[in-house]
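Structure, as structure tokens:
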Amino acid sequence: MDERLQKDIVRLSQDYPDMEVTEQPDSSVHIRVAQFALPEWWMPSQTRILLVIGKDYPQSKPAFYVEPDIRLRANGQPPGGSGQAEITGEKWMSLCWQAPWDPNRETLWRLVKLLERRFDLHD
């Protein structure tokens, strides 16, 4: 694991001390955050998130996933632009939420904060 990724992981762990980091056989790194709070218009009130960081990080943006049971409280629908994925034997929901990725300034912490803001939009 390179120095930049290690630094980003340390920063993210300051806000999410329960996160779990695992290096994969393909040299990617998986970060699981066990208690990611969701705004009141989502159910359940919290979920797990998975960040999949490729070996070419930060040149490529990490992929992110949430547990597949997330729904809007008002209508029971999953988030817009969602799909299903299986990663290391676990079922996850992918989200097609796009944002610019500048490898010179973006970090894992900023990506997770983007997810927080995106869930605030309730769609």
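Here the UniProt record's numbering is used: position 76 in the sequence shown is 76, and no number is missing along the way.
Note that the Cβ used here is the ideal one computed from N, Cα and C, for glycine as well.
- R117: member of the alpha helix (DSSP H) spanning 108-119, first to last residue.
- DSSP, read as helix, strand or coil, puts R4 in helix.
- For S94, the enclosing beta strand (DSSP E) starts and ends at 90-95.
- For P44, same chain residues with a beta-carbon under 8 Å away, outside a window of 5 residues either side, are L38, D69, I70 in chain order.
- Secondary structure note for L51: its beta strand (DSSP E) is the uninterrupted segment 46-53.
- Where G83 is concerned, the enclosing beta strand (DSSP E) starts and stops at 82-87.
- Residue environment analysis places W41 among the exposed positions, since fewer than 16 neighbouring C-beta atoms fall within 10 angstroms of its C-beta.
- The beta carbon of A63 sits closer than 6 Å to the beta carbons of V52 from its chain, once the five residues preceding and following it are set aside; these are given in chain order.
- Under the DSSP assignment, I31 falls in the beta strand (DSSP E) whose first and last residues are 29-37.
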